[in-house]
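Chemist: The structure that follows is given in the form of structure tokens.
2 protein chains.
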Amino acid sequence: MRVALCQIDSTVGDFAGNVARIVEFTRRAAVLRAEMVVFPELALCGYPPEDLLVRPSFRQAHDAALAELTLAVPRHLAVLVGCVAENETAGTLGGRPLHNAVALLRDGEASIVARKSLLPTYDVFDESRYFEPWKAPEQNVVTIAGRRVGIVVCEDGWNDEHFFDQRSYAIDPVQRVVQAGAEMVVNLSASPWSRGKEEFRYRMVAAAAARHRVPMLYVNSVGGDVELQFDGGSLAVKATGVAAQPVAFREQLILVDTEQAWTQTPAPVAVEAMQQAAIVQGIRAYVHKFGFQNVVIGLSGGIDSALVATLAVDALGRDHVVGIGMPSTFSSEHSVVDARQLADRLGIAFHLLPIAPLQASFNTVLQPVFGQAPSGLAEENLQSRMRGVLLMAFANQHGHLVLTTGNKSECAVGYCTIYGDTNGALAPIADLWKTEVWALSRWLNREGERIPSRSIEKAPSAELRPGQLDTDSLPPYAELDLVLRCLIEEDLSVEITAKRTGMSRERVAALFAKVQAAEWKRYQYPPTLRVSDRCWSGRRMPVAHRYREQ
Amino acid sequence: MRVALCQIDSTVGDFAGNVARIVEFTRRAAVLRAEMVVFPELALCGYPPEDLLVRPSFRQAHDAALAELTLAVPRHLAVLVGCVAENETAGTLGGRPLHNAVALLRDGEASIVARKSLLPTYDVFDESRYFEPWKAPEQNVVTIAGRRVGIVVCEDGWNDEHFFDQRSYAIDPVQRVVQAGAEMVVNLSASPWSRGKEEFRYRMVAAAAARHRVPMLYVNSVGGDVELQFDGGSLAVKATGVAAQPVAFREQLILVDTEQAWTQTPAPVAVEAMQQAAIVQGIRAYVHKFGFQNVVIGLSGGIDSALVATLAVDALGRDHVVGIGMPSTFSSEHSVVDARQLADRLGIAFHLLPIAPLQASFNTVLQPVFGQAPSGLAEENLQSRMRGVLLMAFANQHGHLVLTTGNKSECAVGYCTIYGDTNGALAPIADLWKTEVWALSRWLNREGERIPSRSIEKAPSAELRPGQLDTDSLPPYAELDLVLRCLIEEDLSVEITAKRTGMSRERVAALFAKVQAAEWKRYQYPPTLRVSDRCWSGRRMPVAHRYREQ
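In order, the protein sequences belong to chains A and B.
Per this note's numbering, the very first residue in the first sequence carries number 24; after that it's consecutive.
Per this note's numbering, the very first residue in the second sequence carries number 24; after that it's consecutive.
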């Protein structure tokens, strides 16, 4: 059977746009003489629609779009598209009102041919909030072009106890559809990228193809939905290999013939290449989905802001990125030099807004009430907040968006000023550890120095008091990141983290306390592009609690 | 049977404190010759522990606390306490690793005697993220003092299809335990308050008592957990009435005898009294849980900041609240007069920090780059942000927390400046519509004018440009709130909202678009005390999407 895997970029709630996109791909598939055309999970409404699903009017708009789509696709094609379906027994038997489902469009008719059984409700995923799990995945088999096709939706393919060595859920929908006679299995997914995801996903799908001895057709979304970055990477896999190289971070129609031998092996891609592509996609999608074109970034001469500016240029073009240097009396001389050099190399506009007059003015206003000039933390935070206000003033005056330049390490321990350097509409690198920030920056310089090497090499400093270094308050980042990965990404205890990293238990406990104390800052942190499987919005911790570890 | 309903205030993660509290109440119950003592849902670890439950070390600490508690309570007492229990079949059959459970402590032994079947996963609740639903609630029956006691946990009591006219879930655990022979039903709850909750809860529990003809013993948490405000309001209900008047917003041991006649009817309480109590509890709990004592509030002379300051005084005492007036050249004369009068009436410290010097200074810095002074939105937002920076400087210098003064109406339509007047550690009234703000303020003045009447009566204005009024940009709040309640609290479409309110469809659509456009501000909004069943953190909308309604 000739199958078109359509890796498309749906936008949440853009029914007209999504319908048009799906129709366009089905027409291309028809020209290529495909017999079956497959789109991603919830391709009709975009993923994740979240509480829009609670609005009856949204569901009506969805149903109208599905009806329109059904009549608009080429009649003779069998089109599988991810959509929402009513749970018909919710009223009588109870349960959530909807299913995460798959419609088969054929000959001007739409029928729901599959419903999702395994609903991810962890990390950034909240599907149990909206959908009822489907208890009978063995019914998700339909005949298309004379072949029995088993259909599963995303997480349905992630519960093979042979592959994972244990079950997360009671049933394995892939096994069920194969036992029910499926000659091939189609997986419609909206599976966002995180570090290592593409390689893991291939191994998992390949294991299923080998175990069940049927072709696995895996179709994934592509495109950015605020924090989530869908990478596509759609796969057609038999036990012998893949039909074509997966394509990451762009739309693609992949035509495969299930009768042919598939023998390729996916070529590995550097993690930095995937990170760059994910973040670039994320910046572009977010800025454009808000109807903006331009961003403004505070450039400190440090590596975080240099990396964000470089990625923003890759996303939007150099004419759409503005850098602002905001030196204080505590700023090093190289801070402005390095910032300007970066701007010159990137070819972006650069403005200087020295904050000394503002510092003087705030001191004048505050001194009578404080009985002294602001000091300590108040003085340090003031500088950061003046800069945050200047960036927002520039953005408001010119209709730009501010990008936040914080990284995951500083965000973890609260080494940042809320309403200051955390200001922004989007935080592109707040899910990258500082050590990853350096690695990605070096990788971006692999064919020539885009980011000034001094910004990469110099000791990190907030420059909020004379001679300040990050290491005055924190361990070196190589050590810090190791500890934070244990505590945050692996949920290890203070005790085990200390054993594993060699840092003393007291110091680990102090860092764990810092992570907890920063919850309220993260609660108000901008949306962050997700490139790990433990990003901030997927880690839902109480803002205030009294749990301590020693 | 003599039963002690222990309405206690557990703190999330404070195992030592929670154990001590539970032990203290059991000793009081023993003195009162109770035979059974009942504590709320998850009383051992506090509700909601959220992703702390994902940490193995947290679960170990929980289990150690349960073991300690088991030995510490009076041996002869039967103590029911909400706790976490392992899902023993997760490893083999799949499913979430935990149950939301109830332990019976008796004679130095702990046994899990009930597990929760119905897991709220909507609004602010995410229980499906952590817990496996219990399929056999009929097993939740245990013999205590010779009587068969049925045990359910919170939501388990909220699926009576006779009361609700429909089912939300497949099973009714209350019916199951009664069918299994329960002579009384105990409900351990952590059910946060929202408008009308206490009255609805009584009707529901009373309906169950009447239908099943058994005493219903409903024990609810009390106390503030960041956004959620547990009101207690524990109830002992038979078909004939309640055993004692429910007590709201404070800890209480309620001793009841199931053999006696219960004939009281709960006295209704004014909604404003409940709102005040909830917000006061919330401010106090949040400030103290963070280890702070004092708050600082920007006082504009308007009603929102006046109400927040008054409630903060009720929560913390007048010596722990500081007001700051920050007039600009656009501020009305009465703004400072009214702010100072409020401060005088409340007896709180008040400082003036005029922002004119800062405005001049920002203009000086920005003019060379802008080619003009900041104008329009940039100029308006700058003023709000200078104030936000001043408040944070005061808080940082003195170790105070900033309270945010925004209300739900302005938060809904984005009539606020992010990183400006939205700054703060907690937003006490951001779940109160503006019309509710006025009503609550008038109620607080019922025995004498605490809030200056001019602050209540004058036309709302942001005072960010000469002569500005809220009604320049928005409909009058009485109309606006009506529309927003339809759109947000009832999820009605633009079309139906227009029909119901009489506002034109175009104007409703424009307001709906404003609500959507403000999602990114709310994403970064401070934690908000929840007093409705559609607060911001329980309404999970995509930050950016393209769904529109007309």
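Virtual Cβ for every residue (Gly too), placed ideally from N, Cα, C.
Note that the structure is a prediction, hence the values are computed from the model and not measured.
#1: Can you tell me whether B/Lys544 is buried or exposed, with buried defined as 16 or more other CB within 10 angstroms of its CB?
#2: From the DSSP output, in three-state form, read off A/Glu282 for me.
#3: How long is the line joining the alpha carbons of B/Ala266 and B/Ala259, rounded to whole angstroms?
#4: Confirm, please, whether the CB-CB distance from A/Ser407 to A/Thr440 is below 8 Å.
#5: Nearest-angstrom Cα distance between A/Arg50 and A/Ala95?
#6: How many whole angstroms separate the CB atoms of A/Phe385 and B/Leu381, which I take to be in contact at a CB cut-off of 8 Å?
#7: For the 8 Å Cβ check, are there 3 or more pairs between the segment 505-512 of chain B and the segment 523-531 of chain B?
#8: In angstroms with no decimal places, state the Cα-to-Cα distance between B/Gly247 and B/Tyr570.
#9: Examine the ligand SAH and report whether any of its heavy atoms sits within less than 7 Å of the Cβ of A/Arg368.
#10: How is B/Asp37 classed by DSSP in three states: helix, strand or coil?
#11: Which residue spans inside the segment 406-454 of chain A form an unbroken alpha helix (DSSP H) run of at least 4?
#12: Just the Cα atoms here: how many angstroms apart are B/Met239 and B/Ala203?
#13: Let me know if A/Val54 comes out buried or exposed under the rule of 16 or more other beta-carbons within 10 Å of its beta-carbon.
#14: How about B/Phe313 and A/Ala567: are their beta carbons less than 8 Å apart?
#15: Residues of chain B with CB under 8 Å from A/Arg218, in chain order?
#16: Would you report the Cα separation of A/Tyr546 and A/Glu486, rounded to the nearest angstrom?
#17: Helix or strand or just coil, what does DSSP make of B/Pro549?
#18: So which of B/Ala448, B/Asn430, B/Met415 has the shortest CA-CA distance to A/Gly443?
#19: B/Val425 and B/Ala448 - do their beta-carbons sit closer together than 8 Å?
#20: Quick one: complete beta strand (DSSP E) runs, 3+ long, within the segment 264-331 of chain A?
#21: Would you kindly work out how many angstroms separate the C-alpha atoms of A/Ala285 and A/Glu274, rounded to a whole number?
#22: Which same chain residues, not among the five before or five after B/Asp37, have their C-beta less than 7 Å away from its C-beta?
#23: Just to make sure I have the definition right: I need the residues of chain B whose C-beta is within less than 8 Å of the C-beta of A/Val336. Which are they?
#24: Going by DSSP, what residue range makes up the alpha helix (DSSP H) through A/Ser464?
#25: Going by DSSP, which residues form a beta bridge with A/Val132?
#26: Under DSSP, the beta strand (DSSP E) around B/Ser212 begins and ends at which residues?
#27: In chain A, which residues lie less than 8 Å from B/Asp86 when you measure between Cβ atoms?
#28: Please report the straight-line C-alpha distance between B/Ala533 and B/Leu515, rounded to a whole angstrom.
#29: Compare the C-alpha of A/Glu58 against each of A/Trp181, A/Ala329, A/Leu100, A/Glu73 and name the closest.
#30: A/Asp32 versus chain B: which residues are under 9 Å apart at the beta carbon?
#31: Going by C-alpha distance, which of B/His423, B/Val344, B/Leu375, B/Asp493 is nearest B/Arg368?
#32: At a Cβ cut of 8 Å, what residues of the segment 547-571 of chain B count as close to chain A, listed as they run along the chain?
#33: At a Cβ cut of 9 Å, what residues of the segment 77-109 of chain A count as close to chain B, listed as they run along the chain?
#34: So is B/Pro72 in contact with chain A if we call contact Cβ pairs under 8 Å?
#35: Could you give the residue range of the alpha helix (DSSP H) that holds B/Gln233?
#36: Tell me which residue opens and which closes the beta strand (DSSP E) that B/Ala366 is part of.
Modeler: So, from the data block:
#1: Reading the second sequence from its first residue, position 521 is the one you call residue 544 of chain B. Flag for B/Lys544 reads buried.
#2: By 1-based counting over the first sequence, the position of residue 282 of chain A is 259. The three-state secondary structure of A/Glu282, taken from DSSP, is coil.
#3: Position 243 of the second sequence holds residue 266 of chain B. Position 236 of the second sequence holds residue 259 of chain B. Each residue's alpha carbon lies about 6 Å from the other.
#4: Here the question's residue 440 of chain A lines up with position 417 in the first sequence. Here the question's residue 407 of chain A lines up with position 384 in the first sequence. Yes, Cβ-Cβ distance for A/Thr440 and A/Ser407 is below 8 Å.
#5: Against the first sequence, residue 50 of chain A aligns to sequence position 27. Against the first sequence, residue 95 of chain A aligns to sequence position 72. Going by the C-alpha atoms only, they are around 10 Å apart.
#6: The residue you call residue 385 of chain A lines up with position 362 of the first sequence. The residue you call residue 381 of chain B lines up with position 358 of the second sequence. Indeed, because the Cβ distance is near 7 Å, the residues count as touching under 8 Å.
#7: Yes, they touch.
#8: Stepping through the second sequence from its first residue, residue 247 of chain B is reached at position 224. Stepping through the second sequence from its first residue, residue 570 of chain B is reached at position 547. Our two residues, B/Gly247 and B/Tyr570, have alpha carbons roughly 36 Å apart in a direct line.
#9: Here there are no bound small molecules, and the ligand SAH is not part of this structure.
#10: Here residue 37 of chain B refers to the residue found at position 14 of the second sequence. Three-state result, B/Asp37: coil.
#11: 431-436
#12: The count along the second sequence starts at 1 and reaches residue 239 of chain B at position 216. The count along the second sequence starts at 1 and reaches residue 203 of chain B at position 180. Going by the C-alpha atoms only, they are around 15 Å apart.
#13: Position 31 of the first sequence, counted from the first residue, corresponds to residue 54 of chain A. With fewer than 16 other Cβ atoms within 10 Å, it is exposed.
#14: Indexing the second sequence from 1 puts residue 313 of chain B at position 290. Indexing the first sequence from 1 puts residue 567 of chain A at position 544. In this structure, A/Ala567 lies closer than 8 Å to B/Phe313 by Cβ.
#15: Translated into the one-based positions of the first sequence, residue 218 of chain A becomes position 195. Under the 8 Å cutoff, chain B gives no residues; its nearest Cβ is about 19 Å from A/Arg218.
#16: To locate residue 546 of chain A, count along the first sequence from 1; it is residue 523. To locate residue 486 of chain A, count along the first sequence from 1; it is residue 463. Computed Cα separation, rounded: 25 Å.
#17: As a position in the second sequence, residue 549 of chain B is number 526, starting the count at 1. Of the three classes helix, strand and coil, the one that applies to B/Pro549 here is coil, per DSSP.
#18: Residue 443 of chain A sits at position 420 when you count from the first residue of the first sequence. Residue B/Met415 is the option with its Cα nearest to A/Gly443.
#19: Translated into the one-based positions of the second sequence, residue 448 of chain B becomes position 425. Translated into the one-based positions of the second sequence, residue 425 of chain B becomes position 402. Result yes, Cβ atoms of B/Ala448 and B/Val425 sit closer than 8 Å.
#20: 275-280, 318-321
#21: Within the first sequence, numbered from 1, the residue matching residue 285 of chain A stands at position 262. Within the first sequence, numbered from 1, the residue matching residue 274 of chain A stands at position 251. Reading the sequence as shown, one finds Trp at residue 285 of chain A and not Ala. Near 22 Å, if we compare the C-alpha coordinates of A/Glu274 and A/Trp285.
#22: As a first step, residue 37 of chain B is located in the second sequence; it is residue number 14 there, counting from the start. Only Gly69 meet the Cβ criterion.
#23: For the purposes of this step, residue 336 of chain A is identified with residue 313 of the first sequence, where counting begins at 1. In chain order: nothing, as chain B lies at least about 20 Å away.
#24: Translated into the one-based positions of the first sequence, residue 464 of chain A becomes position 441. Boundaries of the alpha helix (DSSP H) around A/Ser464: 457-467.
#25: Looking up residue 132 of chain A in the first sequence gives position 109. Here residue 132 of chain A turns out to be Glu, not Val, going by the sequence shown. In the DSSP output, where bridge partners are listed per residue, A/Glu132 has A/Arg129.
#26: Position 189 of the second sequence, counted from the first residue, corresponds to residue 212 of chain B. Looking at the DSSP string, the run of the beta strand (DSSP E) that includes B/Ser212 is 207-212.
#27: Position 63 of the second sequence, counting from 1, holds the residue named residue 86 of chain B. Those within 8 Å of B/Asp86 in chain A number zero; the least Cβ separation is about 14 Å.
#28: Along the second sequence, one-based indexing puts residue 533 of chain B at 510. Along the second sequence, one-based indexing puts residue 515 of chain B at 492. Their backbone Cα atoms lie some 15 Å apart in a straight line.
#29: Here residue 58 of chain A corresponds to residue number 35 of the first sequence, with the count starting at 1. Scanning A/Trp181, A/Ala329, A/Leu100, A/Glu73 for the CA closest to the CA of A/Glu58 turns up A/Leu100.
#30: In the first sequence, residue 32 of chain A corresponds to position 9, counting from 1. Within chain B, no residue comes near A/Asp32; the closest Cβ sits about 12 Å away, beyond 9 Å.
#31: If you number the second sequence from 1, residue 368 of chain B lands on position 345. Among B/His423, B/Val344, B/Leu375, B/Asp493, the Cα nearest to that of B/Arg368 belongs to B/Val344.
#32: Listed by position, the residues of the segment 547-571 of chain B near chain A (Cβ gap below 8 Å) are Gln547, Tyr548, Pro549, Pro550, Arg562, Arg563, Met564, Pro565, Val566, Ala567, His568, Arg569, Tyr570, Arg571.
#33: Val77, Arg78, Pro79, Ser80, Phe81, Gln83, Ala84
#34: Within the second sequence, the letter at position 49 stands for residue 72 of chain B. Taking Cβ atoms only, chain A reaches closer than 8 Å to B/Pro72, which makes this a yes.
#35: Against the second sequence, residue 233 of chain B aligns to sequence position 210. Checking the displayed sequence, the identity of residue 233 of chain B turns out to be Ala instead of Gln. Here the alpha helix (DSSP H) through B/Ala233 covers 220-235.
#36: Within the second sequence, the letter at position 343 stands for residue 366 of chain B. Looking at the DSSP string, B/Ala366 is not in any beta strand (DSSP E); the run it does join, the alpha helix (DSSP H), is 356-369.
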